[in-house]
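One structure is given below, encoded as structure tokens.
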Amino acid sequence: MSVTSPSDVYYDPYDPEIDTDPYPVWKRMRDEAPLYYNEKHDFWALTRYEDVEPALGDWNTYRSGEGTVLEFVKAGITFPPGAILFEDPPIHDLHRKLLIRVFSPRAMNALEDKVRGYCAHTLDPLVGADRFDFIEDLGAQMPMRTIGYLLGIPEEDQVALRDQIDDGLRLNADGSLSDYQRSGDFSPESFGDYVDWRAKHPSDDLMTQLLNAEFEDENGTVRKLTREQVVTVAFLLAGAGNETTTRLIGWTGKVLGENPDQLRELAADRSLIPNAIEELLRYEAPSPVQARKLSRDVTHHGQTVEAGQIMLLLNASANRDERRFPDPDRFDIHRSARHLSFGYGIHHCLGAALARLEGRVALDEVLKRFPSWEVDWDNAVQARTSTVRGWEKLPVFIR
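Position in the sequence shown counted from 1, then plus 2, gives you this note's numbering.
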């Protein structure tokens with residue numbers, strides 16, 4: 003394959019130094035190599051908004067069916083039925099229809115009191131303290147409890163389950179893949195125990211809805227999801243429901259701590275919070291890179307990429323594209339712009355309404371108790387994963 007690139011810019015999603023602050027590299031890619039090729043890992047990448055947005059929407063060309071994470075696609079993993087993140091139509095559409103009503107904005111907003119209660123449970127004991135951790139004290143707690151409630155996972159099991167999911171996403175210290183990531187075993191049988199118990203003890207939770215929902219499958223047969231499908235869907239929902247919202251909450255502490263003027267403005271007028279959350283999502287996308295496999299040849303910027311190649315769609319880079327957003331590296335809670343942090347098209351994040359709710363409520367409840375803070379950089383720890391970007395620890399001094 004002939005690869006033409008006049009730039010010496012280098013991007014590697016597994017390089018911890020690049021991941022610490024990828025934006026300078028991504029800007030060079032947008033300017034110098036808008037269609038980028040990485041020989042070491044054999045992938046292509048698009049970074050500009052004008053390229054990433056339509057590619058995210060063109061599922062028939064940029065396929066998710068072999069995975070949306072680079073290492074999954076390269077490993078050639080066969081995903082079990084129900085892995086909706088790694089499906090294409092028609093099976094994707096069938097599974098999505100089962101879930102979209104459950105995760106509608108109306109259904110998610112009905113959880114607000116429950117989410118506020120989870121925030122109060124973890125934040126109230128910290129009132130009067132001189133510091134707290136946006137991850138350990140809030141981000142690792144509230145999303146876990148919320149998705150655990152939706153799926154009917156007992157509270158005594160939620161922490162172990164969250165830690166299992168986190169460990170599965172974490173890269174080794176040198177940036178290499180963990181044994182879990184190499185295996186592609188992302189549907190632990192421990193979820194089968196929850197499914198079996200809920201089948202015998204139905205409730206009004208999402209797990210019961212998954213067990214009882216009927217749909218017409220790709221063969222025209224009206225049926226329910228199989229046990230394996232329910233296990234897979236539940237596990238993916240638990241992982242997505244925990245991880246990305248946790249990272250959003252961490253970025254909230256970090257970015258607002260670095261912008262004290264806007265933090266003061268939010269504390270004085272909390273009606274600005276919803277738009278601030280949108281700007282946080284644009285400014286620091288928790289899920290910054292989406293992998294796709296090409297079903298046909300495509301041409302970008304004068305270069306043809308053949309069918310079968312892997313294309314990374316860098317939605318977080320597109321969110322900082324100066325061709326789309328004025329002064330994109332400036333955080334501005336008054337900005338009004340459509341970001342790509344939840345994707346676009348048929349794979350638009352199912353949990354977007356829930357993430358927005360949790361992010362909004364978390365910031366509101368923090369500001370009620372702690373209207374000002376500074377990040378304790380000596381003890382902050384950035385997470386190392388290939389799929390999400392954020393913090394493992396984000397302690398702050400309360401001012």
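Just so it is clear, CB atoms sit at the ideal spot from N, CA and C, and this is done for glycine as well.
CA-to-CA, the gap between Q384 and H336 works out to about 27 Å.
For S106, the closest of R362, W375, W393 and A355 by C-alpha to C-alpha distance is A355. The beta carbons of R322 and P330 sit about 4 Å from each other, so the pair counts as a contact at 8 Å.
Taken through DSSP and simplified to helix, strand or coil, W61 comes out as coil. A direct Cα-Cα distance of roughly 14 Å separates F74 from I86.
Within the same chain, and ignoring the five residues on either side of L365 in sequence, the residues whose Cβ sits closer than 6 Å to its Cβ are T254 and I275. In this structure, DSSP gives P397 an extended state, which the three-state scheme calls strand. Residues W46 and V300 of the same chain have their beta carbon placed closer than 6 Å to that of V307, with the five preceding and five following residues left out of the count. G141 is a Cβ neighbour of L250, given a cutoff of 9 Å. Between T49 and S319, the gap from beta carbon to beta carbon is short of 9 Å. If you draw a straight line from the Cα of T80 to the Cα of L369, it is about 45 Å long. Relative to V54, the option among Q292, R103 and F134 whose CA is nearest is Q292.
Apart from the 5 residues on each side of it in sequence, R133 sits with its Cβ closer than 8 Å to the Cβ of D378, P397, V398, F399 and I400 in its chain, given in chain order. In the three-state reduction of the DSSP assignment, V233 falls in the helix class.
Between the alpha carbons of T148 and E158 lies a gap of roughly 14 Å.
Exposure of K42 is indicated by the presence of fewer than 16 other C-beta atoms within 10 angstroms of its C-beta.
Annotation: H43 is outside any beta strand (DSSP E) and is labelled neither H nor E by DSSP. Nearest in C-alpha terms to S388, of all of S9, Y12 and Y16, is Y16. Residue state for D126 is assigned as helix, using DSSP reduced to three classes.
In the DSSP assignment, the residues bridged to M313 are W46 and R294. For H350, there is no enclosing alpha helix (DSSP H), as DSSP marks it with neither H nor E. Positions of the alpha helix (DSSP H) runs, each at least 4 residues long and wholly inside the segment 83-151, are given as 93-102, 107-111 and 114-125 in order along the chain.
Counting along the chain, W28 sits inside the alpha helix (DSSP H) bounded by residues Y25 to E34. The C-alpha of A35 lies about 16 Å from the C-alpha of D44.
Note that the C-beta distance between R325 and R32 is below 9 Å. Look at F217 here: in three-state DSSP terms it is strand.
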